[in-house]
Structures are given as C-alpha cells and as structure tokens.
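Here is the structure we will look at.
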Amino acid sequence: MITNPVCPKTGAPMHRSVRPMTLTYKDESVTFDMPGWYCNDCDEGIHSGKDMKVSDRMLNRLKARSEGLLEPGDIRRIRKKLGLSQETAGLLIGGGPRAFQKYESGDMLPSRAVSSALILLDHDPDALMVLKERHEAIKAPESSPSYSPESL
Ligand SMILES: [Zn+2]
-6 MITNPVCPKT GAPMHRSVRP MTLTYKDESV TFDMPGWYCN DCDEGIHSGK
44 DMKVSDRMLN RLKARSEGLL EPGDIRRIRK KLGLSQETAG LLIGGGPRAF
94 QKYESGDMLP SRAVSSALIL LDHDPDALMV LKERHEAIKA PESSPSYSPE
144 SL
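Counting in our numbering, the sequence shown runs from -6 upward without gaps.
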C-alpha cells in the first residue's frame, strides 16, 4: 500500500498527477507532462526515481537535438531498416549488447561516433556488409591470416 507523502509547506496530503514541466538545454527547450506527487494547494511536487526517468529522457532528447545526435525514434528506425536486433546492432555498430535498448528508450545518448555510423548506414545500408565481414573475422581469428609485424 502506498502512503501519500505530505506537502513540505502545508502538511496537506499530496496526490499522483502530472504537471507541465519545461526543460532548457542551450538553445532548445521542451515542455512535457511530468508525473509526480503534487500538492493541491501550492506548486510543491515530489518525484520518485521512476518519475525522474521521464525528465532524464526528455533532457537526453534535448541534448541530442542540440548536439545534432540521432534521437531514439531515428535510431530505432535505422536499426530496423538494417534488419538488426538491438543486441546485434550494439555489437556491430558500437556501444555493446545492451546499448541500443538504452538509446531507443532514451535512457542513454549515443556517442557521436555511433550516431555518425548510423547516419551513414541509413544513407547506404549495403555498407553494413563491411561491418559484418569484419565482425566475422574478429569472431573467428583462427581462420583469418595471421598478422605479421609489417602489417601492423
Ligand atoms: Zn502545498
């Protein structure tokens, strides 16, 4: 059972609701419905960790927009266009097996390198073969030619 927190100003019980919140990052700003415990009598609000995820994701979206990085919806669209699972995309393109789940939920910003690779692959999906072949070579080093010092 959840007990309602009380307003730090008036002591009145607070209730679950959403209120508009505006975040600003550099030249970009966004207003969205922020969930939380709110006081009916004043503007006090209390946010749980789960509530904060909503604003964290919004802030990441703002940063992505401001920095010219891909946003979650674009990342998902390009990954699907390439026919990759989230795990495979993270292994082939970068970030690791759980990275794309975080990029696409908005929990984590892609690096500029990952974002750039996706933009290039969106433009030329066939180039994915280059990464796949290289990945195969890494997975099976015994079948690839051995390196000589001259080639390094
Ligand atoms: Zn209050």
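Beta carbons are placed, not taken as given, at the ideal position from N, Cα and C, and that holds for glycine.
Residue i, buried or exposed, once every other Cβ within 10 Å from all chains shown has been counted against 16
i, result
"Ile131", "exposed"
"Met7", "buried"
"Asn(-3)", "exposed"
"Glu129", "exposed"
"Leu145", "Only weak support is given to the placement of Leu145: the predicted model assigns it a pLDDT of 47, under 50, and the value that follows is read from those uncertain coordinates. So Leu145 ends up on the exposed side."
"Met27", "buried"
"Ala148", "What the structure shows of the chain is the stretch from -6 to 145, and residue 148 is not part of that stretch, so it cannot be assessed."
"Pro103", "buried"
"Gly89", "exposed"
Nearest-angstrom Cβ-Cβ length linking residue i and residue j, presumed shorter than 8 Å
i, j, result
"Phe25", "Met51", "6 Å"
"Gly38", "Arg12", "7 Å"
"Asp49", "Gly29", "14 Å between Cβ atoms; not a contact."
"Lys46", "Tyr18", "That belief does not hold up - the Cβ atoms of Lys46 and Tyr18 are roughly 17 Å apart, past 8 Å."
C-beta contact flag for residue i and residue j at 7 Å
i, j, result
"Ser108", "Leu62", "yes"
"Arg54", "Glu64", "yes"
"Leu113", "Leu121", "no"
"Glu97", "Arg58", "no"
"Thr3", "Asp34", "yes"
"Leu111", "Leu85", "no"
Where residue i falls: helix, strand or coil (DSSP)
i, result
"Pro(-2)", "coil"
"Gly99", "coil"
"Glu64", "coil"
"Ser137", "Its pLDDT being 49, under 50, Ser137 is placed unreliably in this model, and the value from its coordinates should be taken loosely. In the structure shown, Ser137 sits in coil (DSSP, three-state: anything other than H, G, I, E or B)."
"Arg58", "helix"
"Asp117", "coil"
"Leu75", "coil"
"Glu129", "helix"
Which residues end up in the neighbourhood of ligand 1 when you take C-beta atoms closer than 7 Å to any of its heavy atoms? Those residues, listed in chain order, are Cys0, Lys2, Thr3, Ala5, Cys32, Asp34, Cys35, Glu37.
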